[in-house]
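Trainee:
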Amino acid sequence: MSKSIFQKIIDREIPAKIAYEDDLVLAFHDINPQAPVHVLIIPKKPITRIAEARPEDHTVLGHLLLKAGLVAAQLGLKESGFRLVFNNGRDAGEAVPHLHCHLLGGRAMTWPPG
Ligand code: 5GP
104 MSKSIFQKII DREIPAKIAY EDDLVLAFHD INPQAPVHVL IIPKKPITRI AEARPEDHTV
164 LGHLLLKAGL VAAQLGLKES GFRLVFNNGR DAGEAVPHLH CHLLGGRAMT WPPG
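Taking this note's numbering, the leading residue of the sequence shown gets 104, the next gets one more, and so forth.
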């Protein structure tokens, strides 16, 4: 199986603007931002998408959410607010088959999403 673009970012084969990293997750700025702040938080483990996550992934997924909150705070979004989005599958517009959490902020969001 060929490496996904996000695996190449984890492996430092292609560059990204890193916002946070530890042994379980990597956060980096989206190349095509949809808000003034648009960061992707990904597990280093190559989980394809939420629907493919397994019970043993609960630690890394919980960790990912906690770190999404931390990155949001570090980027100054704690008071103003932010949105976390996981696109899962075709109807959601998932383009990269490596689980990722979109962290969006810095502007008012609309609801429902498009
Ligand atoms: P999806 O549509 O799968 O939920 O989101 C994939 C996201 O990855 C998109 O927002 C897209 O802009 C971002 N993306 C795709 N390729 C790259 C890349 O090479 N570098 C970075 N930083 N983001 C990327």
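Beta carbons are placed, not taken as given, at the ideal position from N, Cα and C, and that holds for glycine.
Tell me which residue opens and which closes the beta strand (DSSP E) that residue 185 is part of.
Mentor: Start and end: 185-188.
Trainee: Tell me the start and end of each unbroken beta strand (DSSP E) in the region 174-213 that is at least 3 residues and wholly inside, in chain order.
Mentor: For the region 174-213, whole beta strand (DSSP E) runs of length 3 or above, ordered along the chain, are 185-188 and 204-208.
Trainee: Using the Cα positions of residue 119 and residue 215, report the straight-line distance between them to the nearest angstrom.
Mentor: Their backbone Cα atoms lie some 30 angstroms apart in a straight line.
Trainee: Along the beta strand (DSSP E) that carries residue 145, what are the first and last residues, could you check?
Mentor: Run containing residue 145: 140-146, per the beta strand (DSSP E) assignment.
Trainee: Smallest Cα separation from residue 123: which of 189, 145 and 109?
Mentor: Per the Cα distances, 145.
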